[in-house]
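Counting in the working numbering, the sequence shown tops out at residue 357, every number present.
Below: the structure, in structure tokens.
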Amino acid sequence: MADLPIETIFEILTRVPAKVVGRSRSVCMEWYALLSTRDFIRVHCSRSLVSSNQRVLLIDDQTCSVHPIIFQSYDYGPRSIVTLPFDHQNNDVSILSHLNGLLCVCLNHTNELLLWNPTTTAFKRLSTPDSLGIYINNLDAVGLYADDADDYKVLHINRRCGVYESYVYSRELNFWRNIPFLTRQEYLSPNFYWSPGTFCGGTLYFTLCECWVGGTNVVICFDINSEQFKEISFPPLPSTRFVQGVLVNVKNELHMFATTGWFEITIDLWTLKEDYWIKVLSCPPIPPISLSLWGDITHYVTNGNWFVMTKLGKLFTIEMDTKPFENLYPVTWFRGYKGAVFVETVVSPSI
Numbered sequence: 007m008a009d010l011p012i013e014t015i016f017e018i019l020t021r022v023p024a025k026v027v028g029r030s031r032s033v034c035m036e037w038y039a040l041l042s043t044r045d046f047i048r049v050h051c052s053r054s055l056v057s058s059n060q061r062v063l064l065i066d067d068q069t070c071s072v073h074p075i076i077f078q079s080y081d082y083g084p085r086s087i088v089t090l091p092f093d094h095q096n097n098d099v100s101i102l103s104h105l106n107g108l109l110c111v112c113l114n115h116t117n118e119l120l121l122w123n124p125t126t127t128a129f130k131r132l133s134t135p136d137s138l139g140i141y142i143n144n145l146d147a148v149g150l151y152a153d154d155a156d157d158y159k160v161l162h163i164n165r166r167c168g169v170y171e172s173y174v175y176s177r178e179l180n181f182w183r184n185i186p187f188l189t190r191q192e193y194l195s196p197n198f199y200w201s202p203g204t205f206c207g208g209t210l211y212f213t214l215c216e217c218w219v220g221g222t223n224v225v226i227c228f229d230i231n232s233e234q235f236k237e238i239s240f241p242p243l244p245s246t247r248f249v250q251g252v253l254v255n256v257k258n259e260l261h262m263f264a265t266t267g268w269f270e271i272t273i274d275l276w277t278l279k280e281d282y283w284i285k286v287l288s289c290p291p292i293p294p295i296s297l298s299l300w301g302d303i304t305h306y307v308t309n310g311n312w313f314v315m316t317k318l319g320k321l322f323t324i325e326m327d328t329k330p331f332e333n334l335y336p337v338t339w340f341r342g343y344k345g346a347v348f349v350e351t352v353v354s355p356s357i
């Protein structure tokens with residue numbers, strides 16, 4: 007390839023796996039410079055966002071492992087053990103958000119936020135001496151997004167001493183700044199639980215749910231361009247049953263897996279159209295699941311069939327009559343503590 011034009015080398019290497027790109031950087035100084043440019047990383051990332059590059063990261067007290075996804079058999083492939091490159095205590099790491107191969111994680115023993123690329127192993131600490139970038143579980147919310155200038159940013163909403171504050175971290179500028187955040191006074195109650203942010207179509211979406219039957223459930227939207235917040239309603243779900251709503255970006259359209267019930271659970275799939283929810287499908291009631299097993303579910307696979315998965319593999323299957331989504335989407339609140347779905351890229355957590 008030494009005699010090929012640099013444009014041809016660019017076209018070839020933007021189509022190879024991320025780990026091959028990492029090895030190719032050591033070929034020569036010219037390749038190292040080319041493969042480190044912002045244009046190369048952007049194009050390579052856009053071409054990597056396919057189902058064959060998806061991986062599942064699973065964390066427990068003993069191991070951290072990465073699994074490929076075998077769509078033909080709807081199961082995990084052989085695992086690879088990953089060594090966490092940062093200080094931790096017994097893998098006590100929560101995964102809060104993910105985008106284009108980057109994970110935003112929290113080290114639970116220090117409450118520090120990090121950006122981490124598990125493919126390249128590179129990471130960046132986001133905490134500061136004045137206590138920015140410190141995440142408190144059950145009080146805070148985090149969302150990861152990229153703006154039009156390809157700057158990766160973290161929105162951190164924190165709830166301290168009866169006050170909400172929101173901050174945006176810029177990878178490009180490497181600092182946090184405060185932005186206005188207005189919401190209802192009752193949402194300050196610790197009875198309200200925030201989901202991780204889901205990035206879709208220029209907006210970060212969060213569910214904000216009151217933790218009891220008949221409680222208030224809303225979706226908080228953050229427009230990444232205007233940096234303004236607004237509130238929209240949940241889908242029309244029974245108020246007499248326990249409700250959970252989990253947001254996922256499916257082909258750049260926002261969907262919600264809405265579960266109602268506890269011992270016998272019904273799941274409906276909704277999609278958002280101009281701030282209104284439209285039901286896509288309903289599944290039959292799921293057989294009773296023990297609380298310990300329900301807490302261990304990591305995601306559903308939607309690819310013609312709908313599979314409920316745990317760390318051990320398939321739990322059960324729901325047949326679907328809709329167009330296959332051809333990807334794996336994490337759809338339970340507990341995914342942040344068990345693992346994440348990510349795509350292997352060379353996107354760096356720092357500039």
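For glycine and all other residues, C-beta sits at the position ideal for the given N, C-alpha and C.
The model shown is predicted, which means the values in this text are computed figures rather than measured ones.
With respect to Phe-228, Thr-209 sits close: the two C-beta atoms are nearer than 8 Å. Under the 8 Å Cβ criterion, the stretch 125 to 142 does not count as touching the stretch 190 to 198, having fewer than three qualifying pairs. Note on geometry: alpha-carbon atoms of Glu-171 and Gly-207 lie some 24 Å from one another. Taking each of Thr-351, Phe-348 and Pro-202 in turn and checking the Cα distance to Val-148, the smallest one comes out for Pro-202. Considering only His-115, Phe-263, Ser-103 and Leu-214, the residue with the shortest C-alpha distance to Val-160 is Ser-103. The straight-line gap separating the alpha-carbon atoms of Glu-259 and Lys-285 is approximately 13 Å.
Between Gln-95 and His-73, the C-beta gap is not smaller than 8 Å, which leaves the two residues out of contact. Non-local beta-carbon contacts of Val-49 in its own chain, meaning distances under 6 Å to residues more than five positions away in sequence, involve Thr-20 in chain order. Beta-bridge annotation (DSSP): Met-262 is paired with Leu-253 and Trp-276. Residue burial is scored here from C-beta neighbours: Asp-45 has fewer than 16 other C-beta atoms within 10 angstroms and is therefore classed as exposed. The residue among Asn-97, Ile-76, Val-88 and Asp-154 with its C-alpha nearest the C-alpha of Asn-123 is Val-88. The three-state reading of DSSP puts Asn-59 in helix, counting H, G and I together. If you check the CB distance, Ile-140 and Trp-200 do not come in under 8 Å. The secondary-structure analysis by DSSP pairs Tyr-170 across a beta bridge with Arg-165. Around the CB of Tyr-151, 16 or more other CB atoms lie within 10 Å, so the residue is classed as buried. Phe-198 carries a strand assignment under DSSP once its states are collapsed to helix, strand and coil.
For the options Thr-272, Ser-232, Glu-237 and Lys-236, the alpha carbon positioned closest to that of Gln-250 is the one of Thr-272. Within the model, the alpha-carbon separation for Ser-232 versus Leu-113 is close to 31 Å.
When beta bridges are read from the DSSP output, Gly-149 appears opposite Leu-161. With respect to Leu-243, Thr-213 sits apart: the two C-beta atoms are not nearer than 8 Å.
Judged by their CB atoms, Ile-101 and Gly-345 are nearer to each other than the 8 Å cut-off. In this chain, the alpha helix (DSSP H) harbouring Phe-16 covers 12 to 19. Across the structure, Leu-194 and Asn-223 are spaced so that their CA atoms are roughly 14 Å apart. Here Met-262 is buried. Its C-beta has 16 or more other C-beta atoms within 10 Å. Only residues of its own chain outside the window of five on either side were considered, and among them Cys-112, Arg-131, Leu-132, Ser-133, Gly-139, Ile-140 and Tyr-141 have a CB closer than 8 Å to the CB of Glu-118, listed in chain order. Look at Cys-51 here: in three-state DSSP terms it is helix. Counting along the chain, Ser-245 sits inside no beta strand (DSSP E), nor does DSSP assign it H or E at all. The three-state reading of DSSP puts Ala-128 in coil, since its state is none of H, G, I, E or B. In this structure, DSSP gives Val-27 a helical state, which the three-state scheme calls helix.
Distance from Leu-90 to Leu-108 at the Cβ level is roughly 15 Å; contact not present, criterion being Cβ atoms closer than 8 Å. When C-alpha distances from Pro-135 are compared across Ile-357, Cys-34 and Trp-182, the shortest belongs to Trp-182.
The beta carbon of Gly-267 sits closer than 6 Å to the beta carbons of Arg-247 from its chain, once the five residues preceding and following it are set aside; these are given in chain order. For Cys-167 and Val-22, the gap between their C-alpha atoms comes out near 49 Å. DSSP places Glu-118 within a strand segment (E or B) once states are collapsed to three.
Here Phe-205 carries a strand assignment [DSSP, helix/strand/coil]. Burial of Tyr-211 is indicated by the presence of at least 16 other C-beta atoms within 10 angstroms of its C-beta.
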